[in-house]
Each structure stands twice: as structure tokens, then as C-alpha cells.
Amino acid sequence: MKIYAGTIPIHGDSEEEELVLRSVSAAGKTETMTFSQVAVGEVWVAGGQSNMEFHMRYEKHLTEALKVCVNPRVRFFDVPEVSYDGQDEEFDYSRMGIWRKADPENLEYFSAVGYYFERELERVLDVPVGIIGCNWGGTRSCAWMSVESVERAGKPWMQMYEDRIAEMDMDEYWETQHGNPMNHRGDPFADPFEETVLPRTLSTEELTDFFQKMPAGTEEYRECMLPCEIPGSLYEHMLKTVAPYGIRGFLWYQVESDDEPGKQCIFMFHFRCGRTDGHSSEGQKGRGGTPCASGKRACIRRNAVVRRARGRAYPAGRQPHRDYISERGRRAEGQGRCDRGAARLSGANVRRREVCL
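One point on numbering: in our numbering, the residue at position 265 of the sequence shown is 600, and numbering is uninterrupted.
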């Protein structure tokens, strides 16, 4: 079978194109597949925890941003939050896994830091820029790494996981996970309480049972383990799904969930191994040329352009990752938009620090 590819402009001077693939079989039969609204430019992955996941919907400057957001060259793709086989079939993920253009209808779905970053990048480079959001709030770095890297870099985390499952019936565990509404991650704006708690008041009998019928003896604490906490789970089901893409660089935020007393020292080793896993998945093992901007530090030693940009953009001692704001922070700040509204500053700052040309 032979495959031919070609491009056809859609709107005159527009940079959007149609990609036409034609296959010709040995029997001479021709099949055609057409992809519309195709743009070619910079693609970055924005990953990690909730500070990178934080949506424009909750950003303080949303109203202001909506007025000037229309730009078909700025796009965002939200990787479905999946941590085990079959999860994407058990729940409705139709609102995720879509390339969205920056416009009033879709802007709320964008990662706030990612949006401000790519908006600045598109302005500076004058090319289409796409962000792939590959993140999950509250997750540990070991979930984003291959199991082999976790075993090599983070023995305390692996031991903790093995201790948790030592006395668990794993067949029963997975039986309870499949279809569990707590694993419904297809709606990025869902309220976990509203999604899982019925709107009703306990009856008098139920209240009496709850407060007075105390169990006799002692019972062991029943610990809950979510699939997204399993080492390698998000690497296998999320990160590897975008690895074949031609990635220009990574933006990664990973701090809070790995900040345990006595274990912080292995975080950076985790980060280095995670970066290696990313390169290996996208076929770049050993090249080390993809810039990786982290909420904790930037892996820039092997990229001279990024290193120079960082030196120009920031005075010594400034740490822009402290400007980030998370989904939890948004709720904690009270009514309305997040008061700190730091995503705009962070996105622009990361661009100036890491990729200013």
C-alpha cells in the first residue's frame, strides 16, 4: 500500500490547511482521508498538578481576556484524565480530548498558565502555537514516571505503594473502581460534592443510627487508594498518548504532593527521570534537546537559547513559580474569580524566562 500526503489552503492567506491522505492498495483501490483546520507551528506540553491544570474559567482576568482572545493560531488540547484501562469507556469524556481554538466559546477550557504562555509565544514567534494540557491536580511525580524509573529513583515511594497493597484484595479493589463515580474525570468543571452526594437531609432514624450506634471493639482504618496514585499509571494512560507528537518543549508543575518530610531530596531525581521518560516516549532518548520549564526549576543546562533567555528575563533570586494559583486556591479565595489571578503573570514570565528569542 502506498500513501500520498498533500495540503490544500482553505481560506486564501489563512495558515489553516487541509491535510489530505490518499492510500493506494495493490489492487489499485484509492481511499482518501481529509483533516481540516490543520495548523503547523510550536506544540508544548503543559503538565503536572493543579497549578498547571487551573482553567481560564476561574482566572481573575477572564472577562478582560475574552475581549481579545480570538486567535485561531492559539490552540489547546486537554488530555483526558485516565488512570486505568477502560476508564474512558465507563464515563463521558466527550468534553476532553479536543483541539480548541482561542475564542469566547472555548477559552474557559484552556489552562490559564498555558494560555498566557502560548499567547506570548505566538506573538513573539509569529507562528501557530498549541498547548497540550496533560495534568491532574494532587498527583505525585511517581504517577507520571515509568515504573522502571520509579523503582530506580524513588524506592521510598515504591515501598509505600507495596506496603499499601500488601494486604489488599486487588481483584476486589479493581471491581470497586470500575464504574465508581469518584473516577468520573470527563467534566473538567464538575463539582465533586454535587456529583457524588444526593441532595437530601438525613431522617431522624438515620441520624440516631449515625450518632448512637457505635461499633463495638476496634476497627482498622480503611485506607483509600485512587488509581491515579499508582506508580506509572498516568505515564501509561496519559503521557504516553501524546508522546508520538512533535513536542517543542514541556512546562511542568510538580511540588506540593511530593513535599513529604524526609523525602524532598528524591523529588529532583524523580523529575530528571520523568524528563528522561518523556524523551524516551517521544523517541528522543539521548538527545536531551527539548526545553523543560518546571514550577520548581528549569532543565536548561543543555539548551543555550533557553539559558540565555532565563538570564535576561529574571534578576537573581526571583522565583516565578510562587505566582501560580491552583484549583484549591480558587475555591479557598471565596466568591468570584481568584483574587491573586497569578496565572497571567506566570504564563508570560515562563515564556520570557524560557523561550524568549
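Using N, Cα and C, we set each Cβ at its ideal position, and we do this for glycine too.
{"Item": "If I measure Cβ to Cβ from Gly-363 and keep anything under 6 angstroms in the same chain, skipping five residues before and after, which residues do I get?", "Value": "none"}
{"Item": "Considering Lys-436, what are the terminal residues of the beta strand (DSSP E) in which it resides?", "Value": "434–437"}
{"Item": "Kindly indicate which three-state DSSP category Glu-483 falls into: helix, strand or coil?", "Value": "helix"}
{"Item": "Using the Cβ count rule (16 or more neighbours within 10 Å means buried), how would you classify Thr-474?", "Value": "buried"}
{"Item": "Tell me the DSSP bridge mates of Ile-500?", "Value": "Looking at the DSSP assignment, Ile-500 forms no beta bridge with any residue, so it has no partner."}
{"Item": "Between which two residues does the beta strand (DSSP E) containing Val-409 stretch?", "Value": "406–413"}
{"Item": "Between Phe-452 and Leu-586, how many whole angstroms is the CB-CB distance? I'm expecting something under 8 angstroms.", "Value": "6 angstroms"}
{"Item": "How many angstroms separate the CA atom of Gln-654 from the CA atom of Val-448?", "Value": "Caution applies to Gln-654, whose pLDDT of 39 falls short of 50 and renders its modelled position unreliable; the model cannot decide the point."}
{"Item": "Excluding five sequence neighbours on each side, which residues of the same chain lie with their C-beta closer than 8 angstroms to the C-beta of Ser-429?", "Value": "Gly-521"}
{"Item": "Using the Cα positions of Glu-366 and Leu-356, report the straight-line distance between them to the nearest angstrom.", "Value": "8 angstroms"}
{"Item": "Going by DSSP in three states, Leu-586 sits in which element: helix, strand or coil?", "Value": "strand"}
{"Item": "Can you tell me whether DSSP reads Tyr-659 as helix, strand or coil?", "Value": "In this prediction, Tyr-659 has a pLDDT of 33, which is less than 50 and means its spatial position is unreliable; nothing more can be read from the coordinates."}
{"Item": "For Ala-374, which of helix, strand or coil comes out of DSSP?", "Value": "coil"}
{"Item": "Beta carbon of Phe-411, beta carbon of Phe-445: below 8 angstroms?", "Value": "yes"}
{"Item": "Taking the straight line between their C-alpha atoms, what separation do you get for Gly-581 and Val-378?", "Value": "7 angstroms"}
{"Item": "Could you please give the first and the last residue of the uninterrupted alpha helix (DSSP H) stretch that includes Val-448?", "Value": "447–460"}
{"Item": "DSSP state of Ala-381, grouped into three classes?", "Value": "strand"}
{"Item": "When the Cα atoms are used, what is the spatial distance from Glu-424 to Gln-589?", "Value": "28 angstroms"}
{"Item": "From Glu-455 to Glu-399, what does the alpha carbon distance come to, in whole angstroms?", "Value": "16 angstroms"}
{"Item": "Hey, out of Val-373, Ala-374 and Ala-381, whose CA is closest to Tyr-584's CA?", "Value": "Reading off the sequence shown, one finds Gly at residue 584, where the question assumed Tyr. Nearest of Val-373, Ala-374 and Ala-381 to Gly-584, Cα basis: Ala-381."}
{"Item": "At the level of alpha carbons, what is the spacing between Pro-579 and Lys-436?", "Value": "22 angstroms"}
{"Item": "Once DSSP output is grouped into helix, strand and coil, what is the label at Leu-569?", "Value": "helix"}
{"Item": "Figure out for me which residue from Met-517, Trp-434 and Val-403 has the closest Cα to the Cα of Phe-370.", "Value": "Trp-434"}
{"Item": "Within 10 angstroms of the Cβ of Glu-416, are there 16 or more other Cβ atoms? Answer buried if so, exposed if not.", "Value": "buried"}
{"Item": "Per DSSP, what kind of secondary structure is Val-403 in: helix, strand or coil?", "Value": "coil"}
{"Item": "To the nearest whole angstrom, what separates the beta carbons of Asp-739 and Gly-432, a pair I think is in contact under 8 angstroms?", "Value": "Because the chain is modelled from 336 through 692, residue 739 falls outside the range shown and cannot be assessed."}
{"Item": "Could you compute how far the alpha carbon of Pro-439 sits from the alpha carbon of Val-409?", "Value": "13 angstroms"}
{"Item": "Have a look at Val-464, Ala-478 and Pro-463 and flag the residue whose alpha-carbon is nearest the alpha-carbon of Asn-470.", "Value": "Ala-478"}
{"Item": "Thinking C-beta only, is Val-464 closer than 8 angstroms to Gly-376?", "Value": "yes"}
{"Item": "So, for Val-577: in the same chain, excluding its five sequence neighbours on each side, which residues have a beta-carbon less than 7 angstroms away from its beta-carbon?", "Value": "Val-380, Val-414, Ile-467 and Cys-469"}
{"Item": "Taking the C-alpha atoms as reference points, what is the distance between Asn-386 and Glu-502?", "Value": "34 angstroms"}
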